[in-house]
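Each remark here refers to the structure printed beneath this line.
There are 2 protein chains.
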Amino acid sequence: MTQALDAAALATLFTEARSQNGWTPEPVSDDLLRQVYDLARMGPTSANCSPARFVFVRTPEAKERLKPALSASNVDKTMTAPVTVIVAWDKTFYDKLPALFPHADARAWFTGSPEVAHETAFRNGTLQAAYLILAARALGLDAGPMSGFDKAKVDAEFFDGTTWTVNFIVNLGHGDASKVFGRLPRLAFDEACTLA
Amino acid sequence: MTQALDAAALATLFTEARSQNGWTPEPVSDDLLRQVYDLARMGPTSANCSPARFVFVRTPEAKERLKPALSASNVDKTMTAPVTVIVAWDKTFYDKLPALFPHADARAWFTGSPEVAHETAFRNGTLQAAYLILAARALGLDAGPMSGFDKAKVDAEFFDGTTWTVNFIVNLGHGDASKVFGRLPRLAFDEACTLA
Chain A
1 MTQALDAAAL ATLFTEARSQ NGWTPEPVSD DLLRQVYDLA RMGPTSANCS
51 PARFVFVRTP EAKERLKPAL SASNVDKTMT APVTVIVAWD KTFYDKLPAL
101 FPHADARAWF TGSPEVAHET AFRNGTLQAA YLILAARALG LDAGPMSGFD
151 KAKVDAEFFD GTTWTVNFIV NLGHGDASKV FGRLPRLAFD EACTLA
Chain B
1 MTQALDAAAL ATLFTEARSQ NGWTPEPVSD DLLRQVYDLA RMGPTSANCS
51 PARFVFVRTP EAKERLKPAL SASNVDKTMT APVTVIVAWD KTFYDKLPAL
101 FPHADARAWF TGSPEVAHET AFRNGTLQAA YLILAARALG LDAGPMSGFD
151 KAKVDAEFFD GTTWTVNFIV NLGHGDASKV FGRLPRLAFD EACTLA
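Chains A and B are the protein sequences, given in the same order. The first sequence lines up with residues 1 to 196 when you count with UniProt numbering. The second sequence lines up with residues 1 to 196 when you count with UniProt numbering.
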C-alpha cells in the first residue's frame, strides 16, 4: 500500500521548489551527495540499464576546469554553487547489464545498434538526472539545472579517453531566495494532455 | 528554507517504490490524473520549454488501439492497468515559448536547427516524464514505465497529422504486490560517480 505525500513534501519537490540562481555559503557534504545518489539510483530505467554517471564538482580547482565551458549567464551561479553535478552517461553502459539485468542477455540488445544504444542512454540517463534533481530536493537541497554550456569542452576536459559523455549540468546547494526569478507559467492540462 | 522529506515519503518515491507488472482493480480518477499533471508540470525544463505531452489512455477502446504496438511481454500488464500514459513530446514545442518564456525570443533558438530542437525536446520531455512518474508515486499511485513497444505504430495510431511523437509509455494504477519482480541491483557510488 503506497502512502501519498503530504502538502509540505509536495511543496519541497514540486510546487514551491524553484531553479536557483544564487546560493548561500552553507556547504554540502560528500556524505549528503552519496545519500542523493543512493536515492536517485533506485528510480526505474529500461531493463535496469542505469546509464547515468555523475561527477560532483566541488573543489575550486575542478570548478576552474568547468568554467571555460559555461555560457556567460551561467558562470557566476555555477562558480558560487557548493556543488555542480556534471550529469553524463556511459556510452558503453551495456557492459554493466550482465550484473544489472542478469536474467537475460540484455547486453546484446545494444551492442549491435549504436542508434538504439544512444537513444537508450540518452532517455534513461535523463530520467536518472530528473531522479537526482528530485532526490536532492527531497533531502533538503536546492537545484539549478542548466544546458547552457559547451558540451564538447566539458567532454574534452573531464571525459577525454573515457566512455562517458556529458548530458547537462546541475548546481546543488542551498538557494539564495533573493535571487530566484519570478515563476514562469506552465501549460494547462488541456494544452499538454488528452484523455483517451 | 527547504524542508527535507521523512523516511516514509522517501520510501514512497524511491526506496520502496517498484515498477509494477500487475494491478488491482482499483480505478484511477480523471481528477487524480489532473493532479499528477499539475505537479509534474512544475518541474524544471530548459527555458521552461515544457515539451512533454501526455495521452492518458483509460478506456477499453483506446487500450485496443494501443495493443498492436505493445511488445508481447507488455500486453497483459498494459491492458489491465487502469491508465496507460503515452508520454510524447511536441516537435513544435517552441511555438509555445512566447508564452512560456516571454522575456526573450526563445523560439528563434530552435526554429533554425532541427537537431537542437530534437535534442531539447527529447531531453526535457524525458525529464518531465520522470517528474510524472514521481508525481504519480507522490500521490499514492504506482507506475510501470516501458519502452518495449513499436513507436512507429503508436505515432501512426495516435499522432497521425499532429506534431506529437511518442517517447515511452507508463502504466499507472495500484500495483498488485504479488506480481512484482525481485529488486535488481544498482551501481555503487564508486561505479557511477566521481568526486572532483
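C-beta: ideal position from N, C-alpha, C; glycine also.
Cutting at 6 Å between CB atoms, please list the residues of its own chain near PRO82 of chain B, excluding the five before and the five after it. As a position in the second sequence, residue 82 of chain B is number 82, starting the count at 1. If the five residues before and after PRO82 of chain B are omitted, its C-beta is found closer than 6 Å to the C-beta atoms of PRO27, VAL28, GLY173, all from its own chain and listed in chain order.
If I measure Cβ to Cβ from LEU100 of chain B and keep anything under 7 Å in the same chain, skipping five residues before and after, which residues do I get? To locate residue 100 of chain B, count along the second sequence from 1; it is residue 100. Counting only residues of its own chain and dropping the five nearest sequence neighbours on each side, LEU100 of chain B has a CB closer than 7 Å to the CB of ASN48, CYS49, SER50.
Is the Cβ of ARG107 of chain A closer than 7 Å to any Cβ of chain B? Residue mapping note: residue 107 of chain A aligns to position 107 of the first sequence, counting from 1. Residue-level contact check: ARG107 of chain A does not touch chain B, since none of the beta carbons of chain B fall below 7 Å from its beta carbon.
Buried or exposed by the 16-neighbour rule on C-beta atoms within 10 Å, applied to GLN20 of chain B: Reading the second sequence from its first residue, position 20 is the one you call residue 20 of chain B. When all chains shown are included, GLN20 of chain B counts as buried.
Drop a sphere of 10 angstroms on the beta-carbon of VAL170 of chain A, count the other beta-carbons inside from all chains shown, and report buried for 16 or more, exposed for fewer. Counting from one through the first sequence, the residue named residue 170 of chain A turns up at place 170. That one is buried.
Can you tell me which residues form a DSSP beta bridge with ASP90 of chain B? Taking the second sequence and counting its residues from 1, one reaches residue 90 of chain B at position 90. ASP90 of chain B pairs with B:TRP164.
Any chain A beta carbon closer than 7 Å to PHE159 of chain B: Here residue 159 of chain B refers to the residue found at position 159 when the second sequence is read from its first residue. Not closer than 7 Å to any Cβ of chain A, the Cβ of PHE159 of chain B fails to qualify, so no.
Kindly indicate the opening and closing residues of the beta strand (DSSP E) around ASP142 of chain A. Taking the first sequence and counting its residues from 1, one reaches residue 142 of chain A at position 142. Annotation for ASP142 of chain A: the continuous beta strand (DSSP E) segment containing it runs 142-146.
Do PHE14 of chain B and MET42 of chain A have their C-beta atoms closer together than 7 Å? Position 14 of the second sequence holds residue 14 of chain B. Position 42 of the first sequence holds residue 42 of chain A. With contacts defined as CB atoms closer than 7 Å, PHE14 of chain B and MET42 of chain A qualify as a contacting pair.
Where does the unbroken alpha helix (DSSP H) through VAL55 of chain B begin, and where does it stop? Residue numbering aside, residue 55 of chain B sits at position 55 when the second sequence is read from its first letter. Per DSSP, VAL55 of chain B belongs to no alpha helix (DSSP H); it is in the beta strand (DSSP E), 52-57.
Considering Cα atoms alone, identify which of B:THR45, B:SER46, B:THR84 is closest to GLU64 of chain B. Walking along the second sequence from the start, residue 64 of chain B turns up at place 64. Among B:THR45, B:SER46, B:THR84, the Cα nearest to that of GLU64 of chain B belongs to B:THR84.
With a 10 Å radius around its C-beta and 16 neighbouring C-beta atoms as the bar for buried, classify VAL166 of chain B as buried or exposed. Taking the second sequence and counting its residues from 1, one reaches residue 166 of chain B at position 166. It is buried - the Cβ of VAL166 of chain B has at least 16 other Cβ atoms within 10 Å.
Please report whether the beta-carbon of GLN20 of chain B lies at a distance below 7 Å from any beta-carbon of chain A. Within the second sequence, numbered from 1, the residue matching residue 20 of chain B stands at position 20. Taking 7 Å as the CB threshold, GLN20 of chain B stays off the interface with chain A.
For the 8 Å Cβ check, are there 3 or more pairs between the segment 51-58 of chain A and the segment 186-196 of chain B? Touching, yes.
Under 8 Å between beta-carbons, which chain A residues line up against LEU134 of chain B? List them in chain order, please. Locating residue 134 of chain B in the second sequence gives position 134, where the first residue counts as 1. Per Cβ cutoff of 8 Å: LEU13, GLY43, ALA130, TYR131, LEU134.
Residue-level contact to chain B via CB, LEU187 of chain A, 7 Å cutoff: Sequence index remark: in the first sequence, residue 187 of chain A carries index 187 (1-based). By the rule that beta-carbons nearer than 7 Å mark a contact, LEU187 of chain A touches chain B.
Of all the options A:TRP164, A:ALA196, A:ALA152, which has the alpha carbon lying nearest to the alpha carbon of PRO68 of chain A? The sequence position of residue 68 of chain A within the first sequence is 68, counting from 1. Among A:TRP164, A:ALA196, A:ALA152, the Cα nearest to that of PRO68 of chain A is on A:ALA152.
Endpoints, the beta strand (DSSP E) within which LEU127 of chain B is located: Against the second sequence, residue 127 of chain B aligns to sequence position 127. Per DSSP, LEU127 of chain B belongs to no beta strand (DSSP E); it is in the alpha helix (DSSP H), 114-138.
Return yes when the Cβ of GLN35 of chain B is within less than 7 Å of the Cβ of residue 211 of chain B, no when it is not. The question about residue 211 of chain B has no answer here: the residues shown for chain B are numbered 1 through 196.
Closest by C-alpha distance to LYS179 of chain A, when choosing among A:ALA8, A:ARG18, A:LEU10: Taking the first sequence and counting its residues from 1, the one referred to as residue 179 of chain A is at position 179. Nearest to LYS179 of chain A by alpha-carbon distance, out of A:ALA8, A:ARG18, A:LEU10, is A:ARG18.
How big is the Cα-Cα spacing for ALA7 of chain B and TRP109 of chain B? The residue given as residue 7 of chain B occupies position 7 in the second sequence. The residue given as residue 109 of chain B occupies position 109 in the second sequence. When rounded, the distance between both Cα atoms is 42 Å.
Quick one: Cα of ALA9 of chain A to Cα of GLN3 of chain B, how far? As a position in the first sequence, residue 9 of chain A is number 9, starting the count at 1. As a position in the second sequence, residue 3 of chain B is number 3, starting the count at 1. Answer to the nearest angstrom: the Cα atoms are 8 Å apart.
7 Å Cβ cut-off: residues of chain A touching LYS153 of chain B: Within the second sequence, the letter at position 153 stands for residue 153 of chain B. What LYS153 of chain B touches in chain A: nothing, since even the nearest Cβ is about 15 Å away.
Using Cβ-Cβ distances below 7 Å, what residues of the segment 80-112 of chain A are close to chain B? With the criterion set as a beta carbon lying under 7 Å from some beta carbon of chain B, the members of the segment 80-112 of chain A are LYS96, ALA99, LEU100, PHE101, in sequence order.
Is the CB-CB distance between SER46 of chain A and SER147 of chain B below 7 Å? As a first step, residue 46 of chain A is located in the first sequence; it is residue number 46 there, counting from the start. As a first step, residue 147 of chain B is located in the second sequence; it is residue number 147 there, counting from the start. Between SER46 of chain A and SER147 of chain B, the gap from beta carbon to beta carbon is short of 7 Å.
Which residue wins for smallest C-alpha separation from ALA106 of chain A, given the options A:PRO114, A:SER113, A:LEU97, A:GLY175? Along the first sequence, read from residue 1 onward, the residue named residue 106 of chain A stands at position 106. Nearest to ALA106 of chain A by C-alpha distance, out of A:PRO114, A:SER113, A:LEU97, A:GLY175, is A:LEU97.
So what does LEU33 of chain A bridge to, in DSSP terms? Counting from one through the first sequence, the residue named residue 33 of chain A turns up at place 33. In DSSP, LEU33 of chain A forms no bridge with anything.
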